[in-house]
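To start, the structure under review is shown below, and the notes come after it.
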Amino acid sequence: GDSVTQMEGPVTLSEEAFLTINCTYTATGYPSLFWYVQYPGEGLQLLLKATKADDKGSNKGFEATYRKETTSFHLEKGSVQVSDSAVYFCALSDQGYSTLTFGKGTMLLVSP
Amino acid sequence: NAGVTQTPKFQVLKTGQSMTLQCAQDMNHEYMSWYRQDPGMGLRLIHYSVGAGITDQGEVPNGYNVSRSTTEDFPLRLLSAAPSQTSVYFCASQEDYEQYFGPGTRLTVT
Chain A
1 GDSVTQMEGP VTLSEEAFLT INCTYTATGY PSLFWYVQYP GEGLQLLLKA
51 TKADDKGSNK GFEATYRKET TSFHLEKGSV QVSDSAVYFC ALSDQGYSTL
101 TFGKGTMLLV SP
Chain B
113 NAGVTQTPKF QVLKTGQSMT LQCAQDMNHE YMSWYRQDPG MGLRLIHYSV
163 GAGITDQGEV PNGYNVSRST TEDFPLRLLS AAPSQTSVYF CASQEDYEQY
213 FGPGTRLTVT
C-alpha cells in the first residue's frame, strides 16, 4: 500500500538558517504530494502541493519539488523564522480526490 | 465562513461510556473524513464519506461509527470508549486536492 516516510525530529535551527525536511513515498500510481503544517494547538493547514512529476509547490517561502525518479518531495526554506516552529507533515493522495496518507510528522523548533 | 468546526474541544470519558464527536462544515464539500492523531503515529484515517448517505472505513475504524445524513454534518460515535481511544481527533472536509481541518477534539479515556 501507499506510505510516506519523513525524517524524524525534532529539527532544531537558529533563525535565518536553511531548512530541509526529507520526505520519500511509496505509491502504486501517480500520486499528488502535499506538505501540511500544524501550529501548536491547531489543526493542519495545507502549506503547498504538487500534482505531477517535476512540479514545484511553493508558499510562504517554503518550496518542494516532486521528484518521481527518487520518489521524494523534500521541503526547503532558505531562511527560517521563529514563527515557522510547528509540526510538518508530508502526505500523498493516490487518486486525486481521495483520502490522504500522512507521514508521521517532523517537529521544527526555531530559536531566536 | 466558519470552515470546519468541531465540538467539544476537550472531553474526558470513563471506560465503557459512549459519546459523539461533532463535526460540521459550511463550505458545501462532499468529501469529509475523521482522523486520529497519536504521538509518533502521524494521522490515521478512521472513516470517510464521499457524500450524504455514503460512508466507508479507513485505516483504523474499529470502535467507531459514523453517519452522514446531511452534507454539512459528519459525527463520529464512540459506542463503548476504551483507553486505547485516548487521542486527538480531527475532522476534515475536502475540495479538489485540499483538505480543510477542524481544530480538533482532545479525548481522554480513563
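Quick note, the sequences are listed as chains A and B, same order. If you read the first sequence in our numbering, its first letter stands for residue 1, the second for the next number, and so on. If you read the second sequence in our numbering, its first letter stands for residue 113, the second for the next number, and so on. Idealized CB from N, CA, C, for every residue including glycine. Since the structure is predicted, the reported quantities are computational estimates derived from the model, not experimental observations.
- Closest by C-alpha distance to residue 196(B), out of 118(B), 114(B) and 125(B), is 125(B).
- Across the structure, residue 59(A) and residue 154(B) are spaced so that their CA atoms are roughly 22 Å apart.
- Listed by position along chain A, the residues whose Cβ is nearer than 8 Å to that of residue 123(B) form an empty set, because the closest Cβ is around 16 Å away.
- Between the C-alpha atoms of residue 110(A) and residue 143(B) there is a straight-line separation of about 35 Å.
- In this structure, residue 210(B) sits near residue 46(A), with a CB-CB distance shorter than 8 Å.
- Under the 10 Å beta carbon count, residue 122(B) is surrounded by fewer than 16 other beta carbons and is classified as exposed.
- Within the segment 32-59 of chain A, contact with chain B at the beta-carbon level (separation under 9 Å) is assigned to 32, 34, 36, 38, 41, 42, 43, 44, 45, 46, 49 and 51.
- By the neighbour-count criterion, in which 16 or more other beta carbons inside 10 Å mark a residue as buried, residue 91(A) falls on the buried side.
- If you draw a straight line from the Cα of residue 25(A) to the Cα of residue 4(A), it comes to about 4 Å.
- Bounds of the beta strand (DSSP E) holding residue 161(B) are 154-163.
- In the DSSP assignment, residue 183(B) falls outside any beta strand (DSSP E), carrying neither H nor E.
- For residue 176(B), the nearest beta carbon of chain A is not closer than 8 Å to its own beta carbon.
- Residue 202(B) has its alpha-carbon roughly 7 Å from the corresponding atom of residue 217(B).
- Under the 10 Å beta carbon count, residue 120(B) is surrounded by fewer than 16 other beta carbons and is classified as exposed.
- Judged by DSSP secondary structure, residue 16(A) falls outside any beta strand (DSSP E); it is assigned neither H nor E.
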